[in-house]
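> Okay, so the sequence shown: first residue is 4 according to the working numbering, each after it adds one. Cβ atoms here follow ideal geometry from the backbone N, Cα and C, with glycine treated the same way. Let me begin by handing over the structure; questions about it come next.
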Amino acid sequence: MGGLARRVSYIKAFKHRSNLEVPTLFVDAGNLFTDERFTGAQLPSEVMTKNKWVVKSYGDFRHDAANLSYTDLPYLAELLKKDGFDQRAEEYPFIKRLVSANIQPAADSHLAPVPYVIREINLKRSKPGSKLKVGIVGFTDAKPIGPNQKEQAVAGFVIGDPFEAAKRVLPELKQKVDYIVALAYMPLDMAQRLASENAEIDTIIGARQQNSQDPAHHFNRATITYAYNQTKYLGELRVYLNGDGAVENQITRFIGLDSLIPDDPAAVDAVSSAHNEFTTEQNKKALDTSASLQPTSMLSTANSPFIGGETCASCHEEAFKIWEQSGHAHAMATLENKKQQFDTECVGCHVVGFQKGGFQSLVTTPQFANVQCESCHGPGRQHAENPAKGYGFIETPVGCTTCHTVPNSPDFDFETYWPKIKH
Ligand code: HEC
Ligand code: HEC
Ligand code: HEC
Ligand code: HEC
Numbered sequence: 004m005g006g007l008a009r010r011v012s013y014i015k016a017f018k019h020r021s022n023l024e025v026p027t028l029f030v031d032a033g034n035l036f037t038d039e040r041f042t043g044a045q046l047p048s049e050v051m052t053k054n055k056w057v058v059k060s061y062g063d064f065r066h067d068a069a070n071l072s073y074t075d076l077p078y079l080a081e082l083l084k085k086d087g088f089d090q091r092a093e094e095y096p097f098i099k100r101l102v103s104a105n106i107q108p109a110a111d112s113h114l115a116p117v118p119y120v121i122r123e124i125n126l127k128r129s130k131p132g133s134k135l136k137v138g139i140v141g142f143t144d145a146k147p148i149g150p151n152q153k154e155q156a157v158a159g160f161v162i163g164d165p166f167e168a169a170k171r172v173l174p175e176l177k178q179k180v181d182y183i184v185a186l187a188y189m190p191l192d193m194a195q196r197l198a199s200e201n202a203e204i205d206t207i208i209g210a211r212q213q214n215s216q217d218p219a220h221h222f223n224r225a226t227i228t229y230a231y232n233q234t235k236y237l238g239e240l241r242v243y244l245n246g247d248g249a250v251e252n253q254i255t256r257f258i259g260l261d262s263l264i265p266d267d268p269a270a271v272d273a274v275s276s277a278h279n280e281f282t283t284e285q286n287k288k289a290l291d292t293s294a295s296l297q298p299t300s301m302l303s304t305a306n307s308p309f310i311g312g313e314t315c316a317s318c319h320e321e322a323f324k325i326w327e328q329s330g331h332a333h334a335m336a337t338l339e340n341k342k343q344q345f346d347t348e349c350v351g352c353h354v355v356g357f358q359k360g361g362f363q364s365l366v367t368t369p370q371f372a373n374v375q376c377e378s379c380h381g382p383g384r385q386h387a388e389n390p391a392k393g394y395g396f397i398e399t400p401v402g403c404t405t406c407h408t409v410p411n412s413p414d415f416d417f418e419t420y421w422p423k424i425k426h
């Protein structure tokens, strides 16, 4: 949901500026749902809540289609259960715009996603009344699980060969539409193969879990553009048609969704309701867990390579006093104020050693909350037991910019930030 409010605001402003003369379509190339902590059984309930808000918001804020990738399948299994489907589709109409030509259910209990959707747009600047039919079709790679290894079956769905699916679906779609957009969750070499084998495709919008802003390039008849991972940038593909409706040119650019783009108020409301519901659920779960927790399931500091800043304080009192006064010492309170202290998308940079044997959650490892000494200097157990020079060298500014990233700390500048926490 990150970035939604700015994305929506940009699109509204764009439509407004062009007096609605430029028709727009709004698509997602895949990986819209999270499969966080999916173990093969059901998704945890708060993760489902998060996903539910995604499917709701995509519908409310008029996305035209979204491609399904292997990461989307655990939640798709909830959405496409035959049992109760009609009711669900009425509540979240966007379910019917989740496309994939190569995902099939393994069992009869589930429906298949539609391979494509067709949108009709009015070409206001061409002959009056002229329309363009756009087919939006989806493909995904199978799930990579190791070097040269892919998992074909995920969460009760089977991911078929995208190239076979393309041969099956595209000729049929071409009969119905003027322009074909293929959404492709796959690496570049596969997207190029898709383009070179299928002359029906006019444009491929690709996605894979990488942050890059490659310029669009042409391959066979198609233009291939990749979306930026996550929602920090909105990719814009402009398609120029000549008087006959044939494609003349396609240009892409990436719009940074930074603070210059105002938030759309309605979308802000949706995002905040989503967060509230999500965090309430997470908090409730965390409390339930802590109530039933055996003392032994807390991560004892003795079992971690980290020891926590209190121990460092016994020898480095001055450094500790300076640290205590810094924002780093209150980084968890900052998340608590936002009710996001259990949000695994947030905690990483606000704690010590997340997913490295340090912080797990506020319930099991409160001692590792906040940005402490070892968040910068690294695990300190051995050093505290055998103090000596040589421990804890941190290269700057890169040691800072792992957390002070452009999106999360846009004003970061080592020369002005370091003096504030120098010790
Ligand atoms: C038992 C005392 C003790 C504890 C506990 C301790 N240190 Fe040290 N630390 C030392 C000593 C002694 C040195 C070496 C000082 C020197 O020779 O200049 C040192 C050096 C350092 C250095 C500088 C290394 C260098 O090469 O100059 C850093 C950074 C450091 N400690 C960080 C920490 C952190 C972070 C913790 C907690 C995880 C910690 N220390 C815990 C005693 C301790
Ligand atoms: C583990 C992640 C992490 C690393 C590494 C990190 N920071 Fe931070 N930093 C944060 C977070 C999170 C905040 C926001 C704290 C808050 O206000 O809740 C912050 C806030 C700050 C602030 C503003 C708060 C204050 O005390 O004035 C400064 C200055 C700062 N960091 C400097 C640095 C510098 C310099 C480095 C590198 C030497 C660094 N940080 C490395 C996570 C990190
Ligand atoms: C990649 C690391 C990183 C992640 C992930 C991260 N933060 Fe932060 N956060 C920081 C840093 C660094 C700062 C300090 C920014 C500064 O002062 O320049 C910060 C500051 C903040 C602040 C105080 C400053 C402000 O912008 O108002 C809040 C609130 C905050 N983070 C909330 C969150 C929430 C909520 C999430 C999860 C959605 C999150 N953070 C995820 C690194 C991160
Ligand atoms: C935000 C990152 C960050 C945090 C948090 C942090 N430090 Fe440091 N620390 C640094 C940097 C950067 C230096 C300077 C290293 C240099 O000049 O090479 C430094 C220097 C030091 C030194 C002096 C090393 C020397 O060569 O003189 C000690 C000791 C030290 N830190 C201990 C601590 C202790 C103890 C804590 C926790 C109370 C702590 N630091 C928290 C980043 C951090």
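Which residue wins for smallest C-alpha separation from His426, given the options Gly361, Glu327, Glu339, Lys359?
On the sequence shown, residue 426 is found 423 positions in, with the first residue counted as 1. The option with the nearest alpha carbon to His426 is Glu327.
> Just list the residues that DSSP pairs Asn252 with in beta bridges.
Along the sequence shown, one-based indexing puts residue 252 at 249. Tyr243, per the DSSP bridge assignment.
> Tell me where the beta strand (DSSP E) around Asn125 begins and ends.
As a position in the sequence shown, residue 125 is number 122, starting the count at 1. Element bounds for Asn125: 119 to 125.
> State the DSSP-derived secondary structure class of Phe371, mapped to helix, strand or coil.
Residue mapping note: residue 371 aligns to position 368 of the sequence shown, counting from 1. Looking at Phe371 - three-state DSSP - the assignment turns out to be helix.
> Reducing DSSP to helix, strand and coil, say where Gln107 ends up.
If you number the sequence shown from 1, residue 107 lands on position 104. Of the three classes helix, strand and coil, the one that applies to Gln107 here is strand, per DSSP.
> Counting beta carbon pairs with one atom in the stretch 139 to 148 and one in the stretch 68 to 78, are three or more of them shorter than 8 Å?
With a cut-off of 8 Å, the stretch 139 to 148 and the stretch 68 to 78 count as touching, because enough Cβ pairs lie within range.
> Kindly indicate which three-state DSSP category Lys153 falls into: helix, strand or coil?
By 1-based counting over the sequence shown, the position of residue 153 is 150. Reduced to three states, the DSSP call for Lys153 is strand.
> Return the CA-CA distance between Pro422 and Phe36, expressed in angstroms with no decimal places.
Reading the sequence shown from its first residue, position 419 is the one you call residue 422. Reading the sequence shown from its first residue, position 33 is the one you call residue 36. Approximately 41 Å, taken between the alpha carbons.
> Taking the Cβ atom as the reference point for each residue, do Ile139 and Val120 lie within a distance shorter than 8 Å?
In the sequence shown, the residue the question calls residue 139 occupies position 136. In the sequence shown, the residue the question calls residue 120 occupies position 117. Result yes, Cβ atoms of Ile139 and Val120 sit closer than 8 Å.
> Which residues in the same chain have their Cβ closer than 6 Å to the Cβ of Cys349, if we skip the five residues on either side of it in sequence?
Indexing the sequence shown from 1 puts residue 349 at position 346. So the list reads Leu338, Gln343, once near-sequence residues are dropped.
> Taking the beta carbon of Ser112 as the centre, do at least 16 other beta carbons fall within 10 Å, making it buried, or is it exposed?
Against the sequence shown, residue 112 aligns to sequence position 109. Ser112 should be labelled exposed.
> In this structure, does DSSP put Asn54 in helix, strand or coil?
Against the sequence shown, residue 54 aligns to sequence position 51. Helix.
> Would you call the CB atoms of Ser21 and Asn70 closer than 8 Å?
Taking the first residue of the sequence shown as position 1, residue 21 is located at position 18. Taking the first residue of the sequence shown as position 1, residue 70 is located at position 67. Their beta carbons are not under 8 Å apart, which means Ser21 does not touch Asn70 by this criterion.
> Using 8 Å for Cβ pairs, my map puts Asn356 next to Phe323. What's the rounded Cβ distance?
Indexing the sequence shown from 1 puts residue 356 at position 353. Indexing the sequence shown from 1 puts residue 323 at position 320. According to the sequence as given, residue 356 is Gly; it is not Asn. Actually they are not in contact, since the Cβ atoms of Gly356 and Phe323 sit about 18 Å apart, beyond 8 Å.
> I need the boundaries of the beta strand (DSSP E) containing Leu186, first residue and last residue.
Against the sequence shown, residue 186 aligns to sequence position 183. Residues 182 to 188.
> Within 10 angstroms of the Cβ of Pro413, are there 16 or more other Cβ atoms? Answer buried if so, exposed if not.
Here residue 413 refers to the residue found at position 410 of the sequence shown. Answer is exposed; the Cβ neighbour count stays below 16.
> Quick one: Cα of Ala202 to Cα of Asn223, how far?
Position 199 of the sequence shown, counting from 1, holds the residue named residue 202. Position 220 of the sequence shown, counting from 1, holds the residue named residue 223. Cα to Cα, the separation comes out at about 7 Å.
> Cutting at 8 Å between CB atoms, please list the residues of its own chain near Gly259, excluding the five before and the five after it.
Locating residue 259 in the sequence shown gives position 256, where the first residue counts as 1. Answer for Gly259: Lys235, Tyr236, listed in chain order.
> For Leu83 versus Pro47, is the C-beta spacing smaller than 8 Å?
Translated into positions along the sequence shown, residue 83 becomes position 80. Translated into positions along the sequence shown, residue 47 becomes position 44. No, these two residues do not count as a Cβ contact at 8 Å.
> Tell me the rounded alpha-carbon separation between Gly163 and Ala110.
The count along the sequence shown starts at 1 and reaches residue 163 at position 160. The count along the sequence shown starts at 1 and reaches residue 110 at position 107. Rounded to whole angstroms, Gly163 to Ala110 spans 15 Å at the Cα level.
> Looking only at its chain, what residues have a beta carbon closer than 6 Å to the beta carbon of Cys315, apart from the 5 residues adjacent to it on each side?
The count along the sequence shown starts at 1 and reaches residue 315 at position 312. Excluding residues within five positions, the ones whose Cβ falls inside 6 Å are Cys376.
> With distances taken from CA atoms, which of Glu388, Ile325, Gly43 is nearest Ala158?
On the sequence shown, residue 158 is found 155 positions in, with the first residue counted as 1. Nearest C-alpha to Ala158: Gly43.
> Tell me where the beta strand (DSSP E) around Ala69 begins and ends.
The residue you call residue 69 lines up with position 66 of the sequence shown. Ala69 -> beta strand (DSSP E) spans 68 to 70.
> For a test of the three-state rule: what should DSSP assign to Ala168, helix, strand or coil?
Within the sequence shown, numbered from 1, the residue matching residue 168 stands at position 165. Looking at Ala168 - three-state DSSP - the assignment turns out to be helix.
> Comparing alpha-carbon positions, which option in His319, Lys170, Lys130 lies nearest Ile204?
Counting from 1 along the sequence shown, the entry for residue 204 is found at position 201. Of His319, Lys170, Lys130, the residue nearest in Cα terms is Lys170.
> By how many angstroms is the C-alpha of Ala210 removed from the C-alpha of His19?
By one-based count along the sequence shown, residue 19 stands at place 16. By one-based count along the sequence shown, residue 210 stands at place 207. Those two C-alpha atoms are separated by around 28 Å.
> For Gly351, is the beta carbon positioned less than 7 Å from some heavy atom of ligand 3?
Residue 351 sits at position 348 when you count from the first residue of the sequence shown. Checking the Cβ of Gly351 against ligand 3 gives yes.
> Just the Cα atoms here: how many angstroms apart are Val409 and Gly402?
Reading the sequence shown from its first residue, position 406 is the one you call residue 409. Reading the sequence shown from its first residue, position 399 is the one you call residue 402. Distance between the alpha carbons of Val409 and Gly402 is about 14 Å.
> Val180 and Thr206 - do their beta-carbons sit closer together than 8 Å?
Counted from its first residue, the sequence shown places residue 206 at position 203. Counted from its first residue, the sequence shown places residue 180 at position 177. No, the pair does not count as a contact, with Cβ atoms beyond the cut-off.
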